[in-house]
Amino acid sequence: MAAIICFGIFIGMLIFLFTLIITKKSGKIFMAPIVTLYIGVVVIIIGSFKIGGFEGIGFGFLGAIIIAISLIGAVLMLFLFPKINELELKINRLDKCLVFLIPLLLFATIMWTIATNEGYWEIERGFIPASEYITDSYYELTTISEGKKQIYIQLGEGYTGKKLMIERVKTVGSTEVIVEIEDGGEEQLIPFISIGINKIVEPFVVKTIDGQIIESKIEVITK
Numbered sequence: 001m002a003a004i005i006c007f008g009i010f011i012g013m014l015i016f017l018f019t020l021i022i023t024k025k026s027g028k029i030f031m032a033p034i035v036t037l038y039i040g041v042v043v044i045i046i047g048s049f050k051i052g053g054f055e056g057i058g059f060g061f062l063g064a065i066i067i068a069i070s071l072i073g074a075v076l077m078l079f080l081f082p083k084i085n086e087l088e089l090k091i092n093r094l095d096k097c098l099v100f101l102i103p104l105l106l107f108a109t110i111m112w113t114i115a116t117n118e119g120y121w122e123i124e125r126g127f128i129p130a131s132e133y134i135t136d137s138y139y140e141l142t143t144i145s146e147g148k149k150q151i152y153i154q155l156g157e158g159y160t161g162k163k164l165m166i167e168r169v170k171t172v173g174s175t176e177v178i179v180e181i182e183d184g185g186e187e188q189l190i191p192f193i194s195i196g197i198n199k200i201v202e203p204f205v206v207k208t209i210d211g212q213i214i215e216s217k218i219e220v221i222t223k
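Numbering (full-length UniProt numbering), first residue to last: 1 to 223.
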């Protein structure tokens, strides 16, 4: 969530500043908050109707932050308008540099976000009493919104007092979920974790960082 907030603030400020600079000469500096507001609304619409699901919520939150930046900018412009009005016809060297630099920063930020997108997210993590029905560790795979998958991983009764963490998810080629088992859990309880993932490519494997394979629920039941 903190990453989305920082990303939204950064993107919103870049859009606002870029629009402000290119409208200075025409004197239509009020377009800066309007354009930023419009882009924020578009991001929310895309998240709600085009993407949907968990990722859609993230887009909606991002759009809301961009809208907040537009409103804050509008208030600041009203407060500082006399000073801005004196400068609106003057395009200095810094403005010219920023006009070229800001689109590059926007493009680089978006590409960096795409490149570092892990393709999965944590849904829930916690502890439950050991089950008499299934005593071994297992995972269960289900389909959630728009074909995305949910992976529920639960450790066996031998792992009471432990906690379960996602070490990493390999999404290049076949899909592997690597989990880490640590001390520091709840006494007499076993840990579980549930994550969402955009796409699964077979062969799909869930294992610990030590290489121990965690089998599917069906395989565990039918043993």
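Note that beta-carbon positions come from the ideal geometry of N, C-alpha and C, so glycine has one too.
query                                                                                                                                : result
For residue 179, the three-state DSSP class (helix, strand or coil)                                                                  : strand
Residue 214 to residue 175 span [Cα, whole Å]                                                                                        : 14 Å
Option in 203, 78, 71, 101 with minimal Cα separation from residue 18                                                                : 101
Beta-carbon proximity check, residue 65 vs residue 12, cutoff 9 Å                                                                    : yes
Three or more C-beta pairs below 8 Å linking the stretch 94-111 and the stretch 176-183                                              : no
From 57, 48, 67, 33, residue whose alpha carbon lies closest to that of residue 76                                                   : 33
C-beta contact flag for residue 232 and residue 49 at 9 Å                                                                            : Because residue 232 is not part of the residues shown, which for the chain are 1 to 223, the question remains open.
Backbone secondary structure at residue 26 - three-state DSSP                                                                        : coil
Extent of the continuous alpha helix (DSSP H) run through residue 33                                                                 : 31-45
Distance, residue 42 Cα to residue 220 Cα                                                                                            : 47 Å
Buried versus exposed call for residue 206 [16 or more other C-beta atoms within 10 Å across all chains shown]                       : buried
Contacts around residue 9, its chain only, beta-carbon distance under 8 Å, and the 5 residues preceding and following it disregarded : 65, 69
Buried or exposed (CB count within 10 angstroms, at least 16 for buried), residue 137                                                : buried
Distance between residue 21 and residue 88 (C-alpha atoms, nearest Å)                                                                : With a pLDDT of only 47 at residue 88, under 50, the local geometry of the prediction cannot be trusted, and the value read off the model is given with reservation. So the two alpha carbons sit approximately 9 Å from each other.
C-beta contact flag for residue 152 and residue 140 at 9 Å                                                                           : yes
Residue nearest to residue 78 in terms of C-alpha spacing, selected from 31, 97, 147                                                 : 31
Residue 201 versus 96, 36, 171, residue with shortest Cα-Cα distance                                                                 : 171
Beta-carbon separation (whole angstroms), residue 162 vs residue 185, contact threshold 8 Å                                          : 5 Å
Beta-carbon proximity of residue 148 to residue 197, cut-off 9 Å                                                                     : yes
Option nearest residue 156 by Cα separation, candidates 145, 109, 188, 120                                                           : 188
Nearest-angstrom Cα separation, counted from residue 112 out to residue 26                                                           : 34 Å
Residue nearest to residue 16 in terms of C-alpha spacing, selected from 58, 72, 158                                                 : 72
Residues near residue 86 in its chain [Cβ-Cβ closer than 7 Å; skip 5 each side]                                                      : Its pLDDT being 48, under 50, residue 86 is placed unreliably by the model, and nothing is read from it.
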